[in-house]
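Chemist: Same order as they appear, the protein sequences are chains Y and B. FYI, numbering that gives the first Met the number 0 numbers position 115 of the first sequence as 114, with every residue one higher than the one before it. FYI, numbering that gives the first Met the number 0 numbers position 2 of the second sequence as 1, with every residue one higher than the one before it.
Number of protein chains: 2
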Amino acid sequence: MRIIVDAMGGDNAPLAPVQGALQAVKEYGVEAVLVGRGEEILKAVHDQGLAELPQGLSITHANQVVDMHDNPATAFKEKKDSSLTVGLNLLKNGEGDAFVSAGSTGALLSGATLLVKRIRGIRRAAMAPVVPTGGGGSVLIDCGATAEGTPEFLLQFAFMGSYYAERVLGRPEPKVGLLNIGAEPSKGTGLQKEAYKLLHAASEEGRINFVGNVEAREAVEGAVDVIVADGYSGNIFLKTVEGTGLFMSRQMKKMFTRNWKSKLAALLVKDGIRDFKKLLDSNEVGGTALVGISKPVIKAHGSSNGYAIKNAIRQAVEFKRSGIIEDITENVEYMRLNARSAGTDGEEG
Amino acid sequence: MRIIVDAMGGDNAPLAPVQGALQAVKEYGVEAVLVGRGEEILKAVHDQGLAELPQGLSITHANQVVDMHDNPATAFKEKKDSSLTVGLNLLKNGEGDAFVSAGSTGALLSGATLLVKRIRGIRRAAMAPVVPTGGGGSVLIDCGATAEGTPEFLLQFAFMGSYYAERVLGRPEPKVGLLNIGAEPSKGTGLQKEAYKLLHAASEEGRINFVGNVEAREAVEGAVDVIVADGYSGNIFLKTVEGTGLFMSRQMKKMFTRNWKSKLAALLVKDGIRDFKKLLDSNEVGGTALVGISKPVIKAHGSSNGYAIKNAIRQAVEFKRSGIIEDITENVEYMRLNARSAGTDGEEG
C-alpha cells in the first residue's frame with residue numbers, strides 16, 4: 000500500500016510529516032510519498048540522521064503551500080502546484096491509495112470533494128473523528144464539514160458512520176444514536192425530528208442499528224458507537240469535549256502543584272496522570288477521516304507531531320483495507336430520499 | 000422577601016425543599032412558603048427535629064403533584080391543585096416574590112409562561128444556567144427552553160443574558176459571545192449568520208458588549224461572560240460539559256484507586272479532590288433562572304438536596320433584588336426586529 004503524505008501541511012511541517020512517514024514505512028511496511036518542496040523535505044530527512052531516502056519513501060515535488068491566508072474553498076485551484084493539490088491529484092490518478100494532510104481542513108475538504116469527488120449519490124462528505132468516550136471511543140459524524148444539516152444528510156451520515164464503526168473500529172452491529180436534547184422522537188428541532196424518522200425506518204429495514212436519540216451526556220459516556228449530528232452541532236459537541244477535558248486537566252495540575260504533599264502525590268500516581276493526559280491527547284487519535292469521498296482522505300490535526308502523523312497514516316491504511324468505501328458505494332441507494340432520481344442528481348456540486 | 004417553594008418537586012421532595020427552605024429562612028432572613036401536601040411537609044419539618052413551623056416558614060396546601068407521567072405542556076392546567084400550579088398562582092397574585100421548583104422543567108416552563116406570562120415583547124423565555132467555566136462561570140442562554148431558534152430569539156437572549164451577567168453575577172460590561180463553530184461572521188448555519196448581524200448592530204449601538212462568535216472550546220475556557228445559543232445547541236453544550244466532567248472524574252477516581260501508592264496519593268491531595276468535585280457539583284450552582292418571565296422563577300436541579308434548594312432560594316433572592324426584570328422590561332424595544340408592531344404581537348403564545 001502506498002500513502003500520499005502532504006509534507007507541507009500543519010504547524011510542524013515538513014518535520015512532522017517526514018518523521019511520521021519514516022516511522023510508518025518502518026512499522027507498517029507501507030510505501031509513503033512525501034509531497035512538497037523537495038529540498039526542504041530532503042533536509043528534514045537528513046536532520047533525522049539519514050544520508051538518503053530509505054526504501055519505501057519517495058518525494059513528489061510541489062512548489063506551493065496552502066496556508067491560512069488562502070481561501071479554503073478555492074485554494075486547491077488557485078495553487079495548482081501546492082502539496083495539497085498535487086497530492087490529491089496523485090490520489091485521484093491512482094498513484095497512491097490514500098492521502099494524509101495536517102493542512103487546512105477547509106481546503107482539504109474542498110479539494111477532496113472537487114478533485115477526488117464524493118462517492119456517487121453521497122450528498123456531502125463528513126468529518127468523522129473518533130471521540131474519546133466511556134465506551135472506548137465513538138465515531139462522531141459530522142463535526143463540521145457542512146454546518147447546515149438536512150434529514151437526508153443525517154441519514155447518509157448514519158450509514159457511513161455505522162460502516163466506519165463496524166469496518167474500521169471493529170464494532171459488530173454498531174449502535175447508532177442521533178445527537179439530541181432528549182430521548183423521545185419528538186425532541187429537538189425540525190431537523191432532528193425528520194432525521195429520527197428516516198433513521199428509524201432504516202433500522203426497521205435492518206440496514207443500521209439505530210438505538211434512538213442520544214443526549215450529549217450519554218454520548219460522552221459511550222452509550223453509542225456512532226453519534227450522528229449535523230456539522231454545527233457535532234462541532235459544538237466535539238469542541239466542548241476537548242475544551243472541558245483541557246479545563247479539567249488544568250484543574251488537576253493545580254491540584255497537584257499546590258504544596259509539597261500534593262507534589263509527592265503526583266509522583267505516586269505519575270503513571271495514572273500519564274494515562275489521564277493520553278485520554279485527551281489528539282496525537283493519539285491520528286486524524287479524522289473524510290467519509291464520503293471516493294478515496295481515503297485523512298485530516299491530521301494541525302498541531303500533529305511525527306507520532307500523530309504516523310498514527311494518521313496507520314488510520315489511512317486501516318480505512319483503505321476496511322472496504323468502507325465499497326460498502327458505501329454498494330448501499331448508497333438506501334441512503335437516498337428519492338432513490339429513483341439518484342442517477343440524475345448524484346453530483347450536485 | 001418571600002420565596003415560594005415547590006415542596007413536592009424533585010427526586011428528594013418533600014425532604015430537600017423543606018431542608019432548603021429551613022436553611023434559607025435562617026441564613027438569608029427571608030420568608031418561605033412551602034407549597035404541597037401539608038401533612039407530608041409537616042412530617043418532614045418534624046423529622047428535622049422541629050416541633051412546629053419556625054418563624055418565617057409557612058405552608059400552602061396543594062393536593063396534587065406533577066410527575067414525569069404528566070404532559071409537560073398541559074400539566075399546570077390539568078392539575079390545578081398541584082404544588083406547581085398553586086405556587087405559580089401565588090407568584091402571579093403577588094403573594095410571594097419568586098418561585099423555586101425542582102420539578103419537571105417542561106411543566107414549570109409552560110406553567111410560568113402561560114400563568115405568570117412572559118415580559119411583554121419577549122418572544123420566548125430562556126433557561127439561563129451559570130456554567131462552570133475558566134472565567135469563574137458564564138451565563139448560558141438558552142439551554143433548551145425552546146429547541147428551535149430564530150435570529151430574534153438569539154438577539155433577545157443576548158440582551159437578557161447580558162443583564163443577568165451584569166446584575167446578578169456582577170460583571171461590568173459583560174462580554175457576550177455567540178456560540179459558533181468558528182470566529183468569522185460567515186461561520187455557522189443561517190441562524191448564526193443572521194444572529195451575528197443583529198448582535199453586532201446592538202453592540203454598535205452600545206446596548207450590549209458583543210465580542211463576536213465564540214467557539215465551544217473557548218467558551219469552556221471562560222472567554223465570555225454570556226454564551227448565546229439556540230436551545231438545541233445550548234443544551235448540547237451544557238450536557239457535554241457535564242458529561243465530560245463526570246467522565247473525567249471517574250477516570251480520576253480510577254487513577255487514585257489503582258493500588259496502595261495511589262490511595263496514599265489520594266489522601267495527600269484530598270482537599271484538592273474535594274475542590275475538583277465541587278467544580279462539577281450541580282448542588283453548588285443552585286438552579287437555572289427562567290429569564291424572560293415577568294416574575295422570578297428558578298428551576299432547581301431534579302436531584303437537588305437541601306443544600307441545592309437553599310442555593311436556589313439564594314439565587315431567587317439575588318434575581319429579584321437585581322432588577323433584571325425591570326431592565327428587560329425597559330429595554331425590550333431594542334430587542335425587537337420590528338419594534339413598531341410590538342403592541343400587536345407581544346403575546347404570540
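No residue lacks a Cβ here, since even glycine has one placed at the ideal position from N, Cα and C.
On the three-state DSSP scale, how would you describe Y:T243?
Modeler: If you number the first sequence from 1, residue 243 of chain Y lands on position 244. If DSSP states are grouped into helix, strand and coil, Y:T243 belongs with the helices.
Chemist: So is B:N92 buried or exposed if we call it buried at 16+ other beta carbons inside 10 Å?
Modeler: Reading the second sequence from its first residue, position 93 is the one you call residue 92 of chain B. Per the 10 Å Cβ criterion, exposed.
Chemist: Could you tell me how far apart the beta carbons of B:G37 and B:A72 are, in whole angstroms, since I believe they sit closer than 8 Å?
Modeler: For this step, residue 37 of chain B is matched to residue 38 along the second sequence. For this step, residue 72 of chain B is matched to residue 73 along the second sequence. Not confirmed; about 28 Å, so no contact.
Chemist: Short check: CB of Y:G349 to CB of Y:V227, under 8 Å?
Modeler: Residue 349 of chain Y cannot be examined here, being either before or after the span of chain Y that is shown, 0 to 348.
Chemist: Taking only runs that begin and end inside the segment 33-82 of chain B, name each unbroken alpha helix (DSSP H) of 4 or more residues, in chain order.
Modeler: Whole alpha helix (DSSP H) segments, 4+ residues: 37-46, 74-77.
Chemist: Would you identify the three-state DSSP class for B:E346, choosing helix, strand or coil?
Modeler: The sequence position of residue 346 of chain B within the second sequence is 347, counting from 1. Because B:E346 carries a pLDDT of 42, less than 50, the predicted location of this residue cannot be relied on, and no value is offered for it.
Chemist: By the criterion of Cβ-Cβ separation under 9 Å, what are the contact partners of Y:T188 in chain B?
Modeler: Locating residue 188 of chain Y in the first sequence gives position 189, where the first residue counts as 1. Near Y:T188 (Cβ distances below 9 Å), the residues of chain B are A146, E147, G148, D229, G230, Y231.
Chemist: Look at the alpha carbon of Y:G35 and the alpha carbon of Y:A15, and state the distance between them as a whole number of angstroms.
Modeler: As a working note, residue 35 of chain Y is residue 36 in the first sequence. As a working note, residue 15 of chain Y is residue 16 in the first sequence. Computed Cα separation, rounded: 13 Å.
Chemist: So B:G285 is in the alpha helix (DSSP H); what residue range does that whole segment cover?
Modeler: Counted from its first residue, the second sequence places residue 285 of chain B at position 286. Segment: none, B:G285 is in no alpha helix (DSSP H) and carries neither H nor E.
Chemist: Given this structure, state the Cα-to-Cα distance separating Y:G169 from B:G143, to the nearest angstrom.
Modeler: In the first sequence, counting from the first residue as 1, residue 169 of chain Y sits at position 170. In the second sequence, counting from the first residue as 1, residue 143 of chain B sits at position 144. Going from the Cα of Y:G169 to the Cα of B:G143 covers about 35 Å.
Chemist: Can you find a C-beta in chain Y that's less than 8 Å from the C-beta of B:M251?
Modeler: Locating residue 251 of chain B in the second sequence gives position 252, counting from the first residue. Judged by the 8 Å Cβ criterion, B:M251 is in contact with chain Y.
Chemist: Under 8 Å, Cβ to Cβ, is there at least one residue of chain Y near B:E241?
Modeler: Residue mapping note: residue 241 of chain B aligns to position 242 of the second sequence, counting from 1. Chain Y, which has a Cβ nearer than 8 Å to the Cβ of B:E241, makes this yes.
Chemist: Provide the residue(s) that pair with Y:I3 in DSSP beta bridges, ordered along the chain.
Modeler: As a working mapping, residue 3 of chain Y is identified with position 4 in the first sequence. Per DSSP, Y:V32, Y:F98.
Chemist: Using alpha carbons as the reference points, say which of B:K25, B:F75, B:D46 lies closest to B:P53.
Modeler: What you label residue 53 of chain B is simply residue 54 of the second sequence in a count that begins at 1. If we check each option's Cα against that of B:P53, B:K25 comes out closest.
Chemist: Interface residues of chain Y around B:S261 at Cβ under 8 Å?
Modeler: Here residue 261 of chain B is taken as the residue at index 262 of the second sequence, counted from 1. Correct list: L267, V268, G271.
Chemist: Starting from Y:V210, trace the beta strand (DSSP E) in both directions and tell me its first and last residue.
Modeler: Looking up residue 210 of chain Y in the first sequence gives position 211. Residues 208-214.
Chemist: Looking only at its chain, what residues have a beta carbon closer than 7 Å to the beta carbon of B:E172, apart from the 5 residues adjacent to it on each side?
Modeler: The residue labelled residue 172 of chain B in the question sits at position 173 within the second sequence. Only N208 meet the Cβ criterion.
Chemist: With distances taken between CB atoms, is the gap from B:K186 to B:V223 smaller than 8 Å?
Modeler: Taking the first residue of the second sequence as position 1, residue 186 of chain B is located at position 187. Taking the first residue of the second sequence as position 1, residue 223 of chain B is located at position 224. It is not a contact, given that the beta carbons lie outside the stated cut-off.
Chemist: Taking the beta strand (DSSP E) that B:N179 belongs to, which residues open and close that run?
Modeler: Within the second sequence, residue 179 of chain B is the residue found at index 180, counting from 1. From DSSP, the beta strand (DSSP E) with B:N179 extends over 174-179.
Chemist: Distance check for Y:V290 and Y:F275, CA to CA, integer angstroms please.
Modeler: What you label residue 275 of chain Y is simply residue 276 of the first sequence in a count that begins at 1. What you label residue 290 of chain Y is simply residue 291 of the first sequence in a count that begins at 1. Approximately 29 Å, taken between the alpha carbons.
Chemist: Who are the near neighbours of Y:E346 in its chain, counting only those whose CB is closer than 8 Å to its CB and skipping five residues on each side?
Modeler: The count along the first sequence starts at 1 and reaches residue 346 of chain Y at position 347. Its pLDDT being 42, under 50, Y:E346 is placed unreliably in this model, and the coordinates cannot settle the point.
Chemist: Are any of the Cβ atoms in chain Y nearer than 8 Å to that of B:G244?
Modeler: Position 245 of the second sequence, counted from the start, is the residue given in the question as residue 244 of chain B. So yes, B:G244 belongs to the interface.
Chemist: For Y:K298, report the span of its beta strand (DSSP E) as first-last.
Modeler: Position 299 of the first sequence, counted from the first residue, corresponds to residue 298 of chain Y. Run containing Y:K298: 296-299, per the beta strand (DSSP E) assignment.
Chemist: Please go through the same chain and pick out, in chain order, the residues whose beta-carbon is closer than 7 Å to the beta-carbon of Y:E317, but skip the five residues on each side of it.
Modeler: Here residue 317 of chain Y refers to the residue found at position 318 when the first sequence is read from its first residue. These residues qualify, in order along the chain: V167.
Chemist: With burial defined as no fewer than 16 other Cβ atoms inside 10 Å of the residue's Cβ, what is the status of B:M7: buried or exposed?
Modeler: Along the second sequence, read from residue 1 onward, the residue named residue 7 of chain B stands at position 8. Flag for B:M7 reads buried.
Chemist: Per DSSP, B:I292 is paired with what?
Modeler: Counting from 1 along the second sequence, the entry for residue 292 of chain B is found at position 293. B:R117, B:V290.
Chemist: Using only the alpha-carbon positions, how far apart do Y:K252 and Y:G301 sit?
Modeler: Locating residue 252 of chain Y in the first sequence gives position 253, where the first residue counts as 1. Locating residue 301 of chain Y in the first sequence gives position 302, where the first residue counts as 1. So the two alpha carbons sit approximately 25 Å from each other.
Chemist: Residues bridged to B:M126 by DSSP?
Modeler: In the second sequence, the residue the question calls residue 126 of chain B occupies position 127. B:M126 is bridged to B:L289.
Chemist: Can you confirm whether B:D10, when its beta carbon is compared against all beta carbons of chain Y, has any partner nearer than 8 Å?
Modeler: Within the second sequence, the letter at position 11 stands for residue 10 of chain B. B:D10 does not count as touching chain Y.
Chemist: So Y:D137 is in the beta strand (DSSP E); what residue range does that whole segment cover?
Modeler: Counted from its first residue, the first sequence places residue 137 of chain Y at position 138. For clarity, residue 137 of chain Y is Ser in the given sequence; the question names Asp instead. Run containing Y:S137: 137-140, per the beta strand (DSSP E) assignment.
Chemist: Note down, in chain order, all residues in the segment 163-185 of chain B with a beta-carbon under 7 Å from any beta-carbon belonging to chain Y.
Modeler: Cβ contacts with chain Y: L178, I180.
Chemist: Do Y:Y333 and Y:R351 come within 8 Å of each other at the CB atom, strictly closer than that value?
Modeler: The shown model of chain Y, from 0 to 348, leaves out residue 351 of chain Y, and the question about it has no answer.
Chemist: Put B:V85 into one of helix, strand or coil per three-state DSSP.
Modeler: Your numbering for residue 85 of chain B matches position 86 in the second sequence. Correct three-state label for B:V85: helix.
Chemist: Excluding sequence positions up to five away, which residues of its chain have a Cβ less than 7 Å from the Cβ of Y:S202?
Modeler: Locating residue 202 of chain Y in the first sequence gives position 203, counting from the first residue. So the list reads N208, F209, once near-sequence residues are dropped.
Chemist: Taking Cβ-Cβ distances shorter than 7 Å, what residues in chain Y pair up with B:N234?
Modeler: One-based indexing of the second sequence puts residue 234 of chain B at position 235. Chain Y residues near B:N234: I180.
Chemist: Are the Cβ atoms of Y:K219 and B:T132 separated by less than 8 Å?
Modeler: One-based indexing of the first sequence puts residue 219 of chain Y at position 220. One-based indexing of the second sequence puts residue 132 of chain B at position 133. In the sequence on display, residue 219 of chain Y carries Val and not Lys. No, they are not a contact pair.
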